[in-house]
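> Read in order, the letters of the sequence shown are residues 1485 to 1715 in the numbering used here.
Beta carbons: idealized from backbone N, C-alpha and C, even for Gly.
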Amino acid sequence: MIKEAVVNKKNGHNLNVFSFEDIGDDHIYTGLETPMKKDAFKRSDTEKKQRIALLFEEIMDVMGLDLTDDSLKGTPERVAKMYIDEIFSGLNQANKPKIALFDNKYQYNQMLVEKNISFYSNCEHHFVPIYGKAHVAYISSGKVIGLSKLNRIVQYYSKRPQVQERLTNQIAEDLKNILETEDVAVIIDAKHLCVSSRGIKDESSATVTSYYGGQFNNASKIAELQNYLKD
Ligand SMILES: [Zn+2]
């Protein structure tokens, strides 16, 4: 059934035939860049934490929670600190891992696969966790990076409100830039708590997304990679 166009009265955005609720539950992906305001970093981290704590206290208060309770009274500050310093720290480019490139002195020119990189992210439509494993592969164009850096790049982009498609592509695009090659592959296999713990309440489904660049757009390379990913 086709729904009528919903127009957001505040800024006049036409959402085609979808409501905001549909977009959230269907996890529609709108672009490679995380949508950020121009003045996103005008406030310092300290100011952001103070403001978030006040606003989160308000949310708890509106829900009727007793903020004088010993167990609850520190929650607004804890949430604010967790948002800025931990789970959404990847919004700030200042927290991007510093990556050093090395010459490929072993002349290793086959694919390198770093598999089963655990990550925790959060769905940008519901602000509940997305978690799973990322598998990253590349073929060196003459430069290599430390293995733990592959891990750090995955963690950095995970620490944003995300959709899985964007997370996959942001990791791949950054690796292509760093490694100066198109020959990069990223596969993410993840669980979305907004799917398993609410909404459709499907406990068993998982979502797999992939990016195959350059030489990875080749059936034999994909088969080789899939073979390495078998446990
Ligand atoms: Zn969601």
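Looking only at its chain, what residues have a beta carbon closer than 7 angstroms to the beta carbon of tyrosine 1604, apart from the 5 residues adjacent to it on each side?
Locating residue 1604 in the sequence shown gives position 120, where the first residue counts as 1. The residues are Pro1613, Tyr1615 and Ser1642.
> Just to confirm the assignment, what range does the alpha helix (DSSP H) spanning isoleucine 1637 have?
What you label residue 1637 is simply residue 153 of the sequence shown in a count that begins at 1. Per DSSP, isoleucine 1637 belongs to the alpha helix (DSSP H) from 1631-1642.
> Bridge partners for serine 1425 per DSSP, in chain order?
What is shown of the chain runs 1485 to 1715, which leaves residue 1425 out entirely.
> Which residue's Cα is closest to the Cα of aspartate 1686: Leu1677, Val1692 and Phe1700?
Counting from 1 along the sequence shown, the entry for residue 1686 is found at position 202. Closest option to aspartate 1686, Cα to Cα, is Leu1677.
> Alpha carbon to alpha carbon, how far is valine 1638 from lysine 1493? Give it in angstroms, no decimals.
Position 9 of the sequence shown, counted from the start, is the residue given in the question as residue 1493. Position 154 of the sequence shown, counted from the start, is the residue given in the question as residue 1638. Because the pLDDT at lysine 1493 is just 41, under 50, the model does not fix this residue reliably, and the value given afterwards should be weighed accordingly. Going from the Cα of lysine 1493 to the Cα of valine 1638 covers about 37 angstroms.
> Are the CB atoms of isoleucine 1583 and histidine 1619 within a distance shorter than 9 angstroms?
In the sequence shown, counting from the first residue as 1, residue 1619 sits at position 135. In the sequence shown, counting from the first residue as 1, residue 1583 sits at position 99. Not in contact: histidine 1619 and isoleucine 1583 (Cβ atoms no closer than 9 angstroms).
> So the candidates are Asn1579, Ser1688, Gly1630 and Thr1693; which of them puts its Cα closest to the Cα of lysine 1617?
Within the sequence shown, numbered from 1, the residue matching residue 1617 stands at position 133. The shortest Cα separation from lysine 1617 among Asn1579, Ser1688, Gly1630 and Thr1693 belongs to Thr1693.
> Report the rounded CA-to-CA distance for serine 1555 versus leucine 1549, giving the unit in angstroms.
As a first step, residue 1555 is located in the sequence shown; it is residue number 71 there, counting from the start. As a first step, residue 1549 is located in the sequence shown; it is residue number 65 there, counting from the start. For serine 1555 and leucine 1549, the distance between alpha carbons rounds to 11 angstroms.
> By Cβ distance below 7 angstroms, which residues in the same chain neighbour aspartate 1545 in space, the five residues on each side in sequence not counted?
Position 61 of the sequence shown, counted from the start, is the residue given in the question as residue 1545. So the qualifying residues of the chain are Leu1551.
> Ignore the nearest five residues each way along the sequence and tell me which others in lysine 1633's own chain have a CB closer than 6 angstroms to its CB.
The residue you call residue 1633 lines up with position 149 of the sequence shown. The answer, listed in chain order, is Ile1583.
> Here's a check: name, in chain order, each residue in its chain whose Cβ is nearer than 8 angstroms to the Cβ of glutamate 1708, leaving out the five neighbours to either side.
The residue labelled residue 1708 in the question sits at position 224 within the sequence shown. Met1595, listed in sequence order.
> Quick check: the Cα distance between lysine 1599 and arginine 1682, rounded to an integer number of angstroms?
Mapped onto the sequence shown, residue 1599 falls at position 115. Mapped onto the sequence shown, residue 1682 falls at position 198. Their backbone Cα atoms lie some 30 angstroms apart in a straight line.
> Assign phenylalanine 1611 to one of three DSSP states: helix, strand, or coil.
For this step, residue 1611 is matched to residue 127 along the sequence shown. Three-state DSSP puts phenylalanine 1611 in coil, outside helix and strand.
> Where valine 1668 and lysine 1660 are concerned, what is the direct C-alpha to C-alpha distance, given to the nearest angstrom?
Walking along the sequence shown from the start, residue 1668 turns up at place 184. Walking along the sequence shown from the start, residue 1660 turns up at place 176. Between valine 1668 and lysine 1660, the C-alpha separation is close to 6 angstroms.
> According to DSSP, what are the bridge partners of lysine 1627?
In the sequence shown, the residue the question calls residue 1627 occupies position 143. Paired residues: Asp1587.
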